[in-house]
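Enquirer: The structure's right below; bear with me while I get my questions together.
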Amino acid sequence: MCNCSGPEGKSNPKSAEPGSPSADQPEYYNVAFLIMEGTYNTEFTAPYDIFQHTVYREGIRPMKPFTVANTKNPVTTFEGVRILPDFDYTRDSLPPIDILVVPSAENHLGSDLKDVQMLDFVKRAASEAIFVTSHCDGAFVLAKAGLLDSVVSTTFPDDIEAYRRMFPLLEIRDSVLFVHDGKYITSAGGARSFEAALYLCEFLYGKEIARSLAKGLVIEWELEQLPHLILQ
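Quick look at the structure:
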């Protein structure tokens with residue numbers, strides 16, 4: 533099990549932007565979830581659920597999640613759930629994006645990586661965001677956009693070898709649930725997307741808030757027990 537906090541096992545880094553509110557900060561963290569045809573339910577709903585519940589905690593700067601797509605028409609997930617996007621990134625004026633979330637989708641190893649308009653949006657949003665997170669094969673999108681060239685990352689365990697073949701110059705880790713390097717948090721995805729989202733909440737708000745969020749969703753949360761890698 534790799535349970536590392538920074539190079540050479542350093543302690544967890546302090547957040548560059550604390551999660552407690554102050555007079556000169558916006559009221560919320562705006563969290564954009566990039567969705568598209570074939571998005572997988574769990575990688576979308578798990579972090580969305582965690583982040584949305586921050587509004588019920590006092591004394592913090594909570595998160596305001598919303599969805600973005602290349603349309604305002606309903607988007608159908610891989611499992612058949614229809615989602616109505618909040619914003620069309622090709623036409624709408626979007627709120628400032630503090631946190632960009634890229635869940636996995638069915639074609640993230642194929643045709644989605646040829647979507648130049650989508651990749652350009654990801655690059656623009658990432659350049660302004662405080663954090664950029666991916667779940668499962670969402671890492672392929674970040675990598676194709678050139679965002680992971682200088683950071684360590686991970687992806688869905690069964691797709692690690694495909695990830696290495698497609699992006700041979702990247703530094704890729706397996707056997708971890710998530711990697712945090714700079715502003716980027718990449719996760720193995722699946723149901724473990726909950727843990728990656730809880731980690732970001734612990735990073736921003738502290739351990740007690742993260743435990744409270746986990747308890748509200750009947751999740752056992754103890755960061756030290758999870759295989760992960762934190763680099764700064």
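Under the working numbering, read the sequence shown as residues 533 to 764, first letter to last. Where is the CB? At the ideal position from N, CA and C, for every residue including glycine.
Return the bridge partner residues of K646 from the DSSP annotation.
Expert: Taking the sequence shown and counting its residues from 1, the one referred to as residue 646 is at position 114. Paired residues: none, contrary to the question.
Enquirer: Short of 6 Å in beta carbon distance, which residues of its chain neighbour S666, apart from the five on each side in sequence? Order them along the chain.
Expert: Taking the sequence shown and counting its residues from 1, one reaches residue 666 at position 134. Once the five neighbours on either side are set aside, the close Cβ partners of S666 are V634, L674 and T718.
Enquirer: By Cβ distance below 6 Å, which residues in the same chain neighbour R743 in space, the five residues on each side in sequence not counted?
Expert: Here residue 743 corresponds to residue number 211 of the sequence shown, with the count starting at 1. W753, listed in sequence order.
Enquirer: Give the DSSP-derived three-state secondary structure of P539 in the structure shown.
Expert: For the purposes of this step, residue 539 is identified with residue 7 of the sequence shown, where counting begins at 1. Residue placement at P539 is flagged as unreliable, the pLDDT there being 37, under the threshold of 50; a coordinate-derived value is accordingly withheld.
Enquirer: Within a Cβ cutoff of 7 Å, which residues of the same chain sit near L616, ignoring the five residues on either side of it in sequence?
Expert: Counted from its first residue, the sequence shown places residue 616 at position 84. P606.
Enquirer: Considering only residues of the same chain and omitting the five flanking positions on each side of N602, which have a CB-CB separation below 6 Å?
Expert: Here residue 602 refers to the residue found at position 70 of the sequence shown. For N602, the CB contacts under 6 Å within the same chain, skipping 5 residues up- and downstream, are T622 in chain order.
Enquirer: Candidates P594, A728 and T586: which alpha carbon is nearest Y716's?
Expert: As a first step, residue 716 is located in the sequence shown; it is residue number 184 there, counting from the start. The shortest Cα separation from Y716 among P594, A728 and T586 belongs to A728.
Enquirer: What's the C-alpha gap between V664 and C733?
Expert: Looking up residue 664 in the sequence shown gives position 132. Looking up residue 733 in the sequence shown gives position 201. When rounded, the distance between both Cα atoms is 13 Å.
Enquirer: In the DSSP assignment, find the unbroken alpha helix (DSSP H) run with D581 in it and report its ends.
Expert: To locate residue 581, count along the sequence shown from 1; it is residue 49. Segment N573 to Q584, the alpha helix (DSSP H) holding D581.
Enquirer: Rounded to whole angstroms, what is the Cα-Cα separation between S682 and V613?
Expert: Position 150 of the sequence shown, counted from the start, is the residue given in the question as residue 682. Position 81 of the sequence shown, counted from the start, is the residue given in the question as residue 613. The alpha-carbon atoms of S682 and V613 are separated by roughly 36 Å.
Enquirer: Give me the Cα-Cα distance between L749 and F576, rounded to the nearest whole angstrom.
Expert: Residue mapping note: residue 749 aligns to position 217 of the sequence shown, counting from 1. Residue mapping note: residue 576 aligns to position 44 of the sequence shown, counting from 1. For L749 and F576, the distance between alpha carbons rounds to 16 Å.
Enquirer: At what residues does the beta strand (DSSP E) containing Y588 begin and finish?
Expert: Residue numbering aside, residue 588 sits at position 56 when the sequence shown is read from its first letter. Element bounds for Y588: n/a, residue is neither H nor E.
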